[in-house]
Amino acid sequence: MGPGPYGAVVDPLELLITNDVLRAMDLLGVFVMGVAAGALASRLNFDAVGFAIIGIAAGLGGGIVRDLILGVPVPAAFDDPLYLTCALAGSAFAFLINAEGGWWRRLVTVLDITAMGLWAATGTAKSLGYGLEVLPAILLGVTSAVGGGVIRDVLVGRIPAIFGGGPLYATGAMLTAVLTWAVVALGLPSPLVLVAVAVGSLLAGIAAWRRWTLPAHSEWQVTMSAAQLKRLVRRTRKDERERVALETGTVPVVDTRTDEFAADAAADDLDAADYEDRIFADGAEHLPGTAEHERETGTERG
């Protein structure tokens, strides 16, 4: 197979084939993911088979998905016995050793984040080496990094952590993948990919330490009730009048004939229903989209 579109400057596969440091870190990442998955299996009281399966899924799942998409005849997880060995060794370590101490969990978290950054880099480099364009390559790089964790969470019946509320693993992996592509595209020395790994891992590590998360869907929803909207309007108008008074030295005069919010400021609604009735008292039934409007205009749906 010929080189990909970036083969003229740097062969992306060099990052995987000739760089022994990256390969050693890759295998260490598999071991660490096996340990982390084994710690979860321990809390769920799995037996030895459960430890082995969840360790393999977490340590090798993302790479297997990536290689299957790339059309690799034999995924690296099965082509090199060291990968399976490291995954099983990690889960066996967690099976035999109590890894529930606070210092141990912090160490595993740091190594886990580092492994994800590394997998994002190697996955992106391998995808570029197989001829993928930049966006698919970055996507597969992120898949390599977080795919095993997603499979692990699904196996134990949990919502995958990257879907919300967890550390910014996927965000850090994406940053590493983009920087890895930059190293390849600019023809920089391949060891500089370690800088990409460090930057993405640092972002994920700080996010885990500071408990940063991405905004959730509910945080973007507008859920104001009529009473809340009323208070907001009153407060806004009051603040505006105070600002005018400070800037001009005069007291703003509220004219009920020209100020459409004056009646609202003077009203004394008991609850949100009263507010709605007063606001929409005139012509509420004529609002487009209501059943009354459709009946009056003859546009009622059949």
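Here the numbering used here is used: the first residue of the sequence shown is 34, the next is one more, and so on.
Here a beta-carbon is modelled for each residue, glycine too, at the ideal position from N, C-alpha and C.
Here's the rule: buried if 16 or more other CB atoms are within 10 angstroms of the residue's CB, otherwise exposed. What is residue i?
i      : result
Ile130 : exposed
Trp136 : exposed
Asp59  : buried
Trp337 : Shown here, the chain extends from 34 to 335; a query on residue 337 therefore has no answer.
Phe111 : exposed
Ala81  : exposed
Asp53  : exposed
Gly162 : buried
Leu201 : buried
Thr323 : Because the pLDDT of Thr323 is 48, which lies under 50, any placement of that residue in the model is unreliable, and the number read from its coordinates should be weighed accordingly. The residue is exposed, with fewer than 16 neighbouring Cβ atoms inside 10 Å.
Ala153 : buried
Ala240 : buried
When you compare only the Cα positions, how much space is there between residue i and residue j?
i      : j      : result
Ile155 : Ala91  : Residue 155 is actually Thr in this sequence, not Ile. Cα-Cα distance, rounded: 17 Å.
Arg276 : Ala203 : 45 Å
Met34  : Leu165 : For Met34, the pLDDT reaches just 40, beneath the cut-off of 50, and the residue's location in the model is therefore unreliable, although a value from the coordinates is still provided. Answer to the nearest angstrom: the Cα atoms are 13 Å apart.
Asp216 : Leu262 : Looking at the sequence itself, residue 216 is Val, so the reference to Asp does not match. One C-alpha to the other measures close to 51 Å.
Ala69  : Ala127 : 8 Å
Thr118 : Trp245 : 34 Å
Ala237 : Met207 : 11 Å
Gly40  : Val183 : Because Gly40 carries a pLDDT of 45, less than 50, the predicted location of this residue cannot be relied on, and the following value inherits that uncertainty. So the two alpha carbons sit approximately 32 Å from each other.
Leu265 : Lys271 : 10 Å
Gly123 : Asp186 : 17 Å
Thr281 : Pro248 : 41 Å
Leu225 : Thr213 : 8 Å
Ala21  : Ala170 : In this structure the chain extends from 34 to 335, so residue 21 is not present and cannot be described.
Ala57  : Thr176 : 20 Å
Leu227 : Val98  : 23 Å
Asp113 : Phe79  : 27 Å
Val141 : Val65  : 7 Å
Thr209 : Pro193 : 21 Å
Pro222 : Gly205 : 22 Å
Val189 : Ala85  : 13 Å
Leu172 : Ala125 : 31 Å
Arg274 : Gly197 : 42 Å
My understanding is that residue i touches residue j, with C-beta atoms under 8 Å, so please give their C-beta distance in whole angstroms.
i      : j      : result
Ala74  : Gly83  : 5 Å
Ala120 : Val63  : 5 Å
Pro108 : Leu101 : 7 Å
Val230 : Leu144 : 13 Å between Cβ atoms; not a contact.
Ser160 : Leu103 : 7 Å
Gly88  : Gly67  : 4 Å
Gly174 : Leu93  : Going by Cβ atoms, the distance from Gly174 to Leu93 rounds to 16 Å, so no, they are not a contact pair.
Ile195 : Val179 : 5 Å
> Which runs of the beta strand (DSSP E), 3 residues or longer, sit entirely within the region 198-228?
Replying inline: none
>> What ranges does the alpha helix (DSSP H) occupy inside the region 115-192, keeping only unbroken runs of at least 4 residues that lie completely in it?
In response: 135-162, 167-188
> In chain order, which alpha helix (DSSP H) runs of at least 4 residues are fully inside the region 47-105?
Replying inline: 47-50, 53-76, 81-103
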